[in-house]
Amino acid sequence: MVTRLKCEQFYPLPAIGTVMAISRTLGETGEGDEGGQLSKDLVFTMLSNQRRRNVIHYLKQRGERVTIRELSRQVAAWENGVDVDALDYKQRKRVYTSLHQTHLPKLNDAGIVDYDRDRGTVSLDDAARELEVYMEIVPEKELPWSVYYLGLAVLSLVLVPLVWLDVFPFAGFPDVALAALVALAFVASASLQTYYSGDVRLGSAGPPPTAPSQSESGSGPPTPSAVEDAGDDS
1 MVTRLKCEQF YPLPAIGTVM AISRTLGETG EGDEGGQLSK DLVFTMLSNQ RRRNVIHYLK
61 QRGERVTIRE LSRQVAAWEN GVDVDALDYK QRKRVYTSLH QTHLPKLNDA GIVDYDRDRG
121 TVSLDDAARE LEVYMEIVPE KELPWSVYYL GLAVLSLVLV PLVWLDVFPF AGFPDVALAA
181 LVALAFVASA SLQTYYSGDV RLGSAGPPPT APSQSESGSG PPTPSAVEDA GDDS
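Each step along the sequence shown adds one to the number in our numbering, with nothing skipped, and position 108 is 108.
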């Protein structure tokens with residue numbers, strides 16, 4: 001009998017400043033089994049590629065079986081930073097071919113999607129419907145929220161003995177006031193994170209979360225090579 005546990009594990013992605021956290025019910029061994037569970041290593045391998053993450057994002061948004069045609073068009077639009085109607089033939093064809101020949105078969109073999117080649121349709125498989133992937137986007141030279149919260153917790157632990165021993169300048173500082181101050185600091189921090197980070201889970205509304213692109217930095221739309229890199233197998 002294999003014991004199940006809920007785990008959340010963070011993985012650095014190839015894109016600089018991006019962290020992916022996978023929250024999934026896994027077996028103790030971390031391996032996939034006949035029960036349809038996905039190992040965390042397999043999930044990470046599949047989702048370390050931007051184009052495959054875009055596929056999961058769209059399928060989780062739709063929550064139903066879609067055609068590869070509409071899937072590839074939306075993925076191409078996200079990767080090129082344009083509306084679906086503004087895509088040209090090469091942009092659509094490049095993504096369609098990549099999904100059909102490489103990414104959808106890999107996701108299908110991993111048990112993440114159910115890809116029907118004959119009908120040209122795809123949907124999330126049962127084992128992947130509960131998969132939660134959180135993308136934490138950290139601009140260069142900035143601390144990730146996880147490190148910030150760790151620092152805040154350490155600071156709180158340092159303050160406790162200083163207040164308890166009445167060390168200057170905390171002499172006479174009420175214990176209740178310290179508890180309220182610590183709680184307020186965490187509440188304010190969580191509120192700021194919610195406000196600035198937005199919803200960065202795969203399957204949330206809007207485009208898929210990703211590292212800042214060239215278009216976001218004001219340097220123009222993504223180049224063809226950048227779009228191809230997003231679909232390169234890894």
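We treat Cβ as the ideally placed atom computed from N, Cα and C, and that holds for glycine.
Everything numeric in this text was worked out from a predicted model, so none of it was measured.
Let me know the secondary structure DSSP gives residue i once reduced to three states.
{"i": "L192", "result": "helix"}
{"i": "D125", "result": "coil"}
{"i": "D88", "result": "coil"}
{"i": "P105", "result": "helix"}
{"i": "L165", "result": "coil"}
{"i": "S98", "result": "helix"}
In whole angstroms, give me the CA-to-CA distance for residue i and residue j.
{"i": "D109", "j": "D125", "result": "11 Å"}
{"i": "N253", "j": "D41", "result": "Examination of residue 253 is not possible in this model, given that the chain is present from 1 through 234 alone."}
{"i": "P105", "j": "E79", "result": "20 Å"}
{"i": "L71", "j": "F186", "result": "40 Å"}
{"i": "V122", "j": "D175", "result": "58 Å"}
{"i": "S240", "j": "G63", "result": "Nothing can be reported for residue 240, as the shown portion of the chain is limited to 1 through 234."}
{"i": "V154", "j": "T102", "result": "46 Å"}
{"i": "F44", "j": "P207", "result": "20 Å"}
{"i": "A171", "j": "L184", "result": "21 Å"}
{"i": "P161", "j": "L99", "result": "58 Å"}
{"i": "R119", "j": "T194", "result": "41 Å"}
Between which residues of its own chain and residue i is the CB-CB distance below 8 Å, once the five residues before and five after are set aside?
{"i": "A86", "result": "A77"}
Any idea which residues DSSP pairs residue i with across the strands?
{"i": "Y115", "result": "V122"}
{"i": "T67", "result": "T121"}
Please work out which residues of its chain come closer than 7 Å, Cβ to Cβ, to residue i, disregarding the five sequence neighbours upstream and downstream, and give them in chain order.
{"i": "G203", "result": "H57, K60, Q61"}
{"i": "R239", "result": "Past the boundaries of the shown model lies residue 239; the chain is included only from 1 to 234, so the question cannot be answered."}
{"i": "T67", "result": "G120, T121"}
Among the residues of its own chain, which have a CB less than 6 Å from the CB of residue i, if the five just before and after it don't count?
{"i": "V95", "result": "S72, V75, A76"}
Indicate, with yes or no, if the ligand ADP has a heavy atom lying under 7 Å from the CB of residue i.
{"i": "R53", "result": "Among the components of this structure there are no ligands whatsoever, and the ligand ADP is therefore not found."}
Under 8 Å between C-beta atoms, does residue i make it to chain C?
{"i": "A86", "result": "No chain C is part of this structure, which consists of one protein chain only."}
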